[in-house]
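Trainee: Dropping a structure here in structure tokens format, bear with me for questions.
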Amino acid sequence: MTEDLSPAERYAAARERAVEQATALAGFREMYEFGLDPFQIEACRALEAGKGVLVAAPTGSGKTIVGEFAVHLALLQGRKCFYTTPIKALSNQKYADLSKRYGADKVGLLTGDNSVNSDAPVVVMTTEVLRNMLYAGSQSLLNLGYVVMDEVHYLSDRFRGAVWEEVIIHLQESVTLVSLSATVSNAEEFGDWLDTVRGDTQVIVSEHRPVPLFQHVLAGRRMYDLFEEGEGRRKAVNPDLTRMARMEASRSYNPRERRKGKMVREADRERERRQRSRIWTPGRPEVIERLDSEDLLPAITFIFSRAACEAAVQQCLHAGLRLNGEDARARVREIVEERTAAIPDEDLHVLGYYEWLEGLERGIAAHHAGMLPTFKEVVEELFVRGLVRAVFATETLALGINMPARSVVLEKLVKWNGEQHADITPGEYTQLTGRAGRRGIDVEGHAVVLWQRAMSPEHLAGLAGTRTYPLRSSFKPSYNMAVNLVEQFGRHRSRELLETSFAQFQADKSVVGISRQVQKNEEGLEGYKASMTCHLGDFEEYARLRRELKDRETELAKQGANQRRAAAAAALEKLKPGDIIHVPTGKYAGLALVLDPGIPAGRVNGHRGFEHQDGPRPLVLTAERQVKRLASMDFPVPVETLERMRIPKSFNARSPQSRRDLASALRTKAGHIVPERHRKGRAAAADDREIARIRTELRAHPCHGCDEREDHARWAERYYRLRRDTVQLERRIEGRTNTIARTFDRIVALLTEMDYLRDDEVTQDGKRLARLYGELDLLASECLREGVWEGLSPAELAACVSALVFEARMADDALAPKLPSGKVKASLGEMVRIWGRLDALEEEFKINQAEGVGQREPDLGFAWSAYMWASGKGLDEVLREAEMPAGDFVRWCKQVIDVLGQISAAAPREGSTVAKNARKAVDQLLRGVVAYSSVG
Numbered sequence: 002m003t004e005d006l007s008p009a010e011r012y013a014a015a016r017e018r019a020v021e022q023a024t025a026l027a028g029f030r031e032m033y034e035f036g037l038d039p040f041q042i043e044a045c046r047a048l049e050a051g052k053g054v055l056v057a058a059p060t061g062s063g064k065t066i067v068g069e070f071a072v073h074l075a076l077l078q079g080r081k082c083f084y085t086t087p088i089k090a091l092s093n094q095k096y097a098d099l100s101k102r103y104g105a106d107k108v109g110l111l112t113g114d115n116s117v118n119s120d121a122p123v124v125v126m127t128t129e130v131l132r133n134m135l136y137a138g139s140q141s142l143l144n145l146g147y148v149v150m151d152e153v154h155y156l157s158d159r160f161r162g163a164v165w166e167e168v169i170i171h172l173q174e175s176v177t178l179v180s181l182s183a184t185v186s187n188a189e190e191f192g193d194w195l196d197t198v199r200g201d202t203q204v205i206v207s208e209h210r211p212v213p214l215f216q217h218v219l220a221g222r223r224m225y226d227l228f229e230e231g232e233g234r235r236k237a238v239n240p241d242l243t244r245m246a247r248m249e250a251s252r253s254y255n256p257r258e259r260r261k262g263k264m265v266r267e268a269d270r271e272r273e274r275r276q277r278s279r280i281w282t283p284g285r286p287e288v289i290e291r292l293d294s295e296d297l298l299p300a301i302t303f304i305f306s307r308a309a310c311e312a313a314v315q316q317c318l319h320a321g322l323r324l325n326g327e328d329a330r331a332r333v334r335e336i337v338e339e340r341t342a343a344i345p346d347e348d349l350h351v352l353g354y355y356e357w358l359e360g361l362e363r364g365i366a367a368h369h370a371g372m373l374p375t376f377k378e379v380v381e382e383l384f385v386r387g388l389v390r391a392v393f394a395t396e397t398l399a400l401g402i403n404m405p406a407r408s409v410v411l412e413k414l415v416k417w418n419g420e421q422h423a424d425i426t427p428g429e430y431t432q433l434t435g436r437a438g439r440r441g442i443d444v445e446g447h448a449v450v451l452w453q454r455a456m457s458p459e460h461l462a463g464l465a466g467t468r469t470y471p472l473r474s475s476f477k478p479s480y481n482m483a484v485n486l487v488e489q490f491g492r493h494r495s496r497e498l499l500e501t502s503f504a505q506f507q508a509d510k511s512v513v514g515i516s517r518q519v520q521k522n523e524e525g526l527e528g529y530k531a532s533m534t535c536h537l538g539d540f541e542e543y544a545r546l547r548r549e550l551k552d553r554e555t556e557l558a559k560q561g562a563n564q565r566r567a568a569a570a571a572a573l574e575k576l577k578p579g580d581i582i583h584v585p586t587g588k589y590a591g592l593a594l595v596l597d598p599g600i601p602a603g604r605v606n607g608h609r610g611f612e613h614q615d616g617p618r619p620l621v622l623t624a625e626r627q628v629k630r631l632a633s634m635d636f637p638v639p640v641e642t643l644e645r646m647r648i649p650k651s652f653n654a655r656s657p658q659s660r661r662d663l664a665s666a667l668r669t670k671a672g673h674i675v676p677e678r679h680r681k682g683r684a685a686a687a688d689d690r691e692i693a694r695i696r697t698e699l700r701a702h703p704c705h706g707c708d709e710r711e712d713h714a715r716w717a718e719r720y721y722r723l724r725r726d727t728v729q730l731e732r733r734i735e736g737r738t739n740t741i742a743r744t745f746d747r748i749v750a751l752l753t754e755m756d757y758l759r760d761d762e763v764t765q766d767g768k769r770l771a772r773l774y775g776e777l778d779l780l781a782s783e784c785l786r787e788g789v790w791e792g793l794s795p796a797e798l799a800a801c802v803s804a805l806v807f808e809a810r811m812a813d814d815a816l817a818p819k820l821p822s823g824k825v826k827a828s829l830g831e832m833v834r835i836w837g838r839l840d841a842l843e844e845e846f847k848i849n850q851a852e853g854v855g856q857r858e859p860d861l862g863f864a865w866s867a868y869m870w871a872s873g874k875g876l877d878e879v880l881r882e883a884e885m886p887a888g889d890f891v892r893w894c895k896q897v898i899d900v901l902g903q904i905s906a907a908a909p910r911e912g913s914t915v916a917k918n919a920r921k922a923v924d925q926l927l928r929g930v931v932a933y934s935s936v937g
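Following this note's numbering, the numbering of the sequence shown begins with 2 at its first residue and continues without gaps.
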């Protein structure tokens, strides 16, 4: 090739090679056995040129190489590099990788649990740790040259995303930022914002997967390709799948629906039987066996349920599935026994160790957040080593550590999102299937979706072929953020800083499109106005009268509905346990026994907690043996007590037998009673003077006699509807401009009212609040200020602090949680009272919880478990009482420990026992399974 070049060209190429050899990148490339991809080289060159970079690339493409180059540059330049990750598991993994490459003396680790060599030139940490260092003005920030933000797309996370923006905004200008993200559809927009707040930032987007991904559908005994083979970006859906979906949809034979006087012909039955024999959803053991036979293991099967993941392992064990030979089994046992040596035998039994080990020895495991962290780590290690070949996991694994597979299986394309069963999005599909294909091991990766009834191959093709994963800011100011900002920058500068957030950047950008729509609407309004012109008079005035009439009738109807709701709520407030009522409407209509009236604790009229709860929510036992928490919508009319009966003290709402016995007694006691029908009163509109006046004016108006009156009225209706829409758009423009700063102003006003701030001065109470990070930061600060936790033992303090962090996975649909008696119960009651006061203050200052700002109600559901564990009770007893998986228990304990650490640092040193008891509580919680779980 070089022979074809002229002498001048050869000289230029030689000079270019010499320049390349002199770069830091050349030395860095020699550290790796494989060559770098073009996007990696482009990003590394930009870094070496002094630019910040945003790298958006698919899972498994090797974007962390760019982060490691930043580490390499920092060490060459004698500066520091902080490598941040969203979760502790990733921090631990990255710490191990970098220590192996650069030596343990040059690499440190800082997470909520661990602090190792924190003064090293390279420190791996969770993003929250860096945020806290920035607010505290830590000395560790001196000589900081590079910050790597791995998985920066976590910025969209509703609960933790704000931390990423806080770090990006507050880092010194001299720090070069390396942002590593999954493939997002608005990388350029995010890059524009980074360019605005961080200076020169180069955006590098790669959609190329280093290991190609093939999409399949498994139906019955056959594996179908999702797409036809062919050239071009837009691939056609496999016609076999389309035909199969059509055939299933058009099945005519149903033995329950025989046509009158006609027998279904035997030939039809035979054809139906053949069709059914070809199309079914294979069972989990069948799927794994099929993948094994086609050499598509190791595989991760995503199931959107923890219980189903565990059930899948058991199904495979019962089917006699074995994926490991004798040597592999022995190696698995050796590794597992080594990693779990610190766990006492009695705890192993409680944790289901032996069943778990049997699955691992056969090469099969579950992976979900309910597992003990130690168990999850072992599964991850064995999977990477090839000793576990089939993992059944929830979607949390897709967002976590480096655990690629040859194949990924999706059982369903629908998951529970906390409120309803919803289709997974293209972004979620990409994230899940992105784990298929191990770089340097597999030639290709495979995504397999199991056939389900009513599946649409076109919909699946849309998921597989779309790369829409937009990055949306979840940034919201908090109380802690406000006092930290004011202390560092003062109110005015803080407000300006917040206006530079990505949230405000996106909001301002969206206003442009809305403004264009307002202009179009105004043009439309002119046209509608011309079309409703009447030769007899001013039709706009006539239309206004018609609108007034309609609005007045609607207003009276609403008033009537509100009065009926108020009467119904007042009737519900009078209910007592043991009242027998008749539920008038809804899913649980009929006879019911009140178990708990469901009136919010400490409610007073006008309190926002009442509105949030939507009035009393009685817990009832229906005549059909169901225990349900009802809502006000189930009582459109006032409820009356039909009878009363005693509820046995032994009644347990979770026991089917207990429910059956009490429901039988309920039917015997009141089954014969027929409730009175509620009679409707005379409509308010019939006697309203305002309505009578408007109707008189309408009849007297000249346009009332127009032959084309209704035609004009239709145009007038369109005019008013478009005008209403235009006003709403104008309000949206007004609402989106300076939204973050306005929220900050309201938070500062509330904190000033409570004497946490005085203009630009942060008071002593404010300085305490600055050290409390968490969702209920202000509540924790108020509890310290009012001495709510004084005099509590360490175990009692742990129980109270648990209410600041715990949130039940499911909506509260059962009886009140069990609480420790004595001081704990009183302190928890006082915490709820303080929350009620804060809640009312937030309402007064227009701080809206629905927008993610403000203090939610403390959840007391973990108090008893935290108290028992801190009191030294055994794991078996605590988990049995808690009724939660070991992994959840450990995670909540870790979060309680984290907040206790903050409280011990923030609590007064003199005249208070809280700081000392918080430290003791940490020691008492940090034992057994909680202590030997390195991540949480």
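Backbone N, C-alpha and C define an ideal beta-carbon position, used for all residues, glycine too.
Which of the three DSSP states is assigned to Asp158 in this structure?
Mentor: Looking at Asp158 - three-state DSSP - the assignment turns out to be coil, as it is neither helix nor strand.
Trainee: Just curious, the alpha helix (DSSP H) that Phe384 is in, first and last residue?
Mentor: 374-385 is the extent of the alpha helix (DSSP H) around Phe384.
Trainee: Go to Phe215, then tell me how far its beta strand (DSSP E) extends in each direction, as first and last residue.
Mentor: Looking at the DSSP string, the run of the beta strand (DSSP E) that includes Phe215 is 214-220.
Trainee: How would you write the range of the beta strand (DSSP E) that Ser408 sits in, first residue to last?
Mentor: Where Ser408 is concerned, the enclosing beta strand (DSSP E) stretches over 408-411.
Trainee: Take Gly929 and list the residues in its own chain whose beta-carbon comes closer than 7 Å to its own, dropping the five residues that flank it on each side.
Mentor: Same-chain partners within the cutoff: Asp348, Leu876.
Trainee: Per the contact definition of three or more C-beta pairs closer than 8 Å, is the region 66-80 in contact with the region 38-47?
Mentor: Yes, the region 38-47 is in contact with the region 66-80.
Trainee: For Asp756, collect the residues of the same chain with a Cβ closer than 7 Å to its Cβ; drop the 5 residues on either side in sequence, then sort them by chain order.
Mentor: So the qualifying residues of the chain are Thr764, Asp766.
Trainee: In angstroms, rounded to a whole number, what distance separates the CA positions of Val124 and Leu76?
Mentor: Approximately 12 Å between the Cα atoms of the pair.
Trainee: Whose C-alpha, out of Leu785, Ser294, Leu842, Lys588, is nearest the C-alpha of Ala624?
Mentor: Answer by Cα proximity: Lys588.
Trainee: Using only CA atoms, which one of Leu573, Gly599, Ile695, Leu620 lies nearest to Pro637?
Mentor: Ranking the options by Cα distance to Pro637, first place goes to Leu573.
Trainee: Determine the direct distance from the alpha carbon of Ile442 to that of Ala919, and round the result to whole angstroms.
Mentor: So the two alpha carbons sit approximately 50 Å from each other.
Trainee: Would you call the region 493-512 in contact with the region 699-710, where contact means no fewer than 3 C-beta pairs closer than 8 Å?
Mentor: Short answer: they don't touch.
Trainee: Are the CB atoms of Gly104 and Val117 nearer to each other than 8 Å?
Mentor: Result no, Cβ atoms of Gly104 and Val117 do not sit closer than 8 Å.
Trainee: Apply the 10 Å Cβ neighbour rule to Glu843 and answer buried if 16 or more other Cβ atoms are within range, or exposed otherwise.
Mentor: It counts as buried.
Trainee: If you draw a straight line from the alpha carbon of Asp346 to that of Arg330, how long is it in whole angstroms?
Mentor: Cα to Cα, the separation comes out at about 21 Å.
Trainee: My output table needs one value for Lys874: the three-state DSSP class, helix, strand or coil.
Mentor: In this structure, Lys874 counts as coil in the three-state DSSP scheme.
Trainee: May I have the straight-line CA-CA distance separating Phe611 from Pro617, to the nearest angstrom?
Mentor: At Phe611 the pLDDT is 37, less than 50, meaning the model places this residue with poor confidence and gives no usable figure here.
Trainee: Can you give me the start and stop residues for the beta strand (DSSP E) that Phe540 sits inside?
Mentor: Where Phe540 is concerned, there is no enclosing beta strand (DSSP E), although the alpha helix (DSSP H) it sits in stretches over 540-574.
Trainee: Return the CA-CA distance between Gly603 and Arg834, expressed in angstroms with no decimal places.
Mentor: Low per-residue confidence applies at Gly603: pLDDT is 45, beneath 50, and the placement is therefore not dependable enough to give any value.
Trainee: Does the beta-carbon of Gly28, which I'm using as the reference point, lie nearer than 7 Å to any heavy atom of the ligand GTP?
Mentor: No copy of the ligand GTP appears in this structure; indeed no ligand is present at all.
Trainee: Distance, Cα to Cα, Arg259 vs Gly463?
Mentor: At Arg259, the pLDDT of 43 sits below 50, so the modelled position is not reliable and the matter cannot be decided from this model.
Trainee: Name the DSSP beta bridge partners of Ile581, please?
Mentor: For Ile581, which the question treats as bridged, DSSP gives the partners Leu594, Glu644.
Trainee: Can you tell me whether DSSP reads Thr914 as helix, strand or coil?
Mentor: Looking at Thr914 - three-state DSSP - the assignment turns out to be coil, as it is neither helix nor strand.
Trainee: For the region 824-891, which segments carrying the alpha helix (DSSP H) assignment without a break, of at least 4 residues, lie completely within its bounds, in sequence order?
Mentor: Fully enclosed alpha helix (DSSP H) runs of 4 or longer: 824-845, 864-871, 876-883.
Trainee: So the candidates are Thr914, Leu927, Gly888; which of them puts its Cα closest to the Cα of Met372?
Mentor: For the residues Thr914, Leu927, Gly888, the minimum Cα distance to Met372 belongs to Gly888.
Trainee: What's the C-alpha gap between Leu926 and Val879?
Mentor: If I take the Cα positions, the gap works out to 12 Å.
Trainee: Quick one: using the 10 Å Cβ neighbour count with 16 as the cut-off for buried, is Ser665 buried or exposed?
Mentor: By the neighbour-count rule (16 or more Cβ atoms within 10 Å), Ser665 is not buried but exposed.
Trainee: Among Leu758, Ser408, Trp165, Ser866, which residue has its Cα nearest to the Cα of Ala804?
Mentor: Of the listed residues, the one whose Cα sits closest to Ala804 is Ser866.
Trainee: Using the C-alpha atoms, what's the distance from Cys801 back to Arg161?
Mentor: Using only the alpha carbons, I get a separation of about 23 Å.
Trainee: Hey, which unbroken runs of the beta strand (DSSP E) at 3 residues or more fall wholly within the region 119-156?
Mentor: With a minimum length of 3 residues, the continuous beta strand (DSSP E) runs that stay inside the region 119-156 are 123-127, 145-150.
Trainee: Would you mind giving the Cβ-Cβ distance between Gly561 and Arg647, rounded to the nearest angstrom? I have them listed as a contact below 8 Å.
Mentor: With a Cβ gap of about 38 Å, Gly561 and Arg647 do not count as contacting.
Trainee: Let me know the alpha helix (DSSP H) ranges lying completely inside the region 651-723, each 4 residues or longer, listed in chain order.
Mentor: Taking only runs of at least 4 residues, the alpha helix (DSSP H) segments lying wholly in the region 651-723 are 657-671, 690-701.
Trainee: Between the C-alpha atoms of Asn481 and Ala742, what's the straight-line distance to the nearest angstrom?
Mentor: Going by the C-alpha atoms only, they are around 15 Å apart.
Trainee: Pick from Ser92, Arg102, Lys101: whose alpha carbon is nearest that of Leu111?
Mentor: Nearest C-alpha to Leu111: Ser92.
Trainee: Considering only their Cβ atoms, is the gap separating Leu48 from Thr177 smaller than 8 Å?
Mentor: Cβ distance < 8 Å, so Thr177 and Leu48 count as in contact.
Trainee: In whole angstroms, give me the CA-to-CA distance for Arg722 and Arg694.
Mentor: For Arg722 and Arg694, the distance between alpha carbons rounds to 25 Å.
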